[in-house]
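So the structure is just underneath, and the comments pick up after that.
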């Protein structure tokens, strides 16, 4: 006997077969098992058709979208250009473009104690970096292990992006490292 994979037809056939072979009144467990055994192929067909009808929905994932491929390999992103080495004066005079990806400046950590008339604060936690050519406020990261409240003229290297704030330029730090104190 061929089993139809049409869910509606299978449900109808299974229901008809189960209804025509219902248990007699007062029937015991033995009669139930006999009827169950006779209808087992119809019950199994109904279960299989029901499960198979759910497979496409589960394979599509949530919202009817196909799940993302596992283990796919994408083309590597082109590496970011290295930071441009600059002095504070080069940043403030515009020699380094504000839109350049990143600049790297080496100078003295002045913390919150330094004054810098050539730059304004971006946030209250900004600190001052000073080199031989001038000073600039640095926003974002602090040098590891250094206190902005108690600076001791430590040399630091700041890598970051130059941003304009309230008409002046600020260095938004992405990496800050301590360097040797030798000039």
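In the numbering used here, the protein residues as written are 255 to 437.
Idealized CB from N, CA, C, for every residue including glycine.
> Thinking C-beta only, is residue 405 closer than 8 Å to residue 364?
Replying inline: yes
> Between which two residues does the beta strand (DSSP E) carrying residue 350 extend?
Replying inline: Counting along the chain, residue 350 falls outside any beta strand (DSSP E), and DSSP gives it neither H nor E.
> Applying the criterion that 16 or more other CB atoms from any shown protein chain within 10 Å of the CB defines a buried residue, is residue 294 buried or exposed?
Replying inline: exposed
>> Just to confirm, is the Cβ distance from residue 335 to residue 413 under 8 Å?
In response: no
>> Give me, in chain order, the residues of the same chain whose beta-carbon lies closer than 8 Å to that of residue 380; leave out the 5 immediate sequence neighbours on both sides.
In response: 391, 392, 393 and 424
>> Going by beta-carbon coordinates alone, are residue 361 and residue 385 separated by less than 8 Å?
In response: yes
> Mapping DSSP to helix, strand and coil, what is residue 386?
Replying inline: coil
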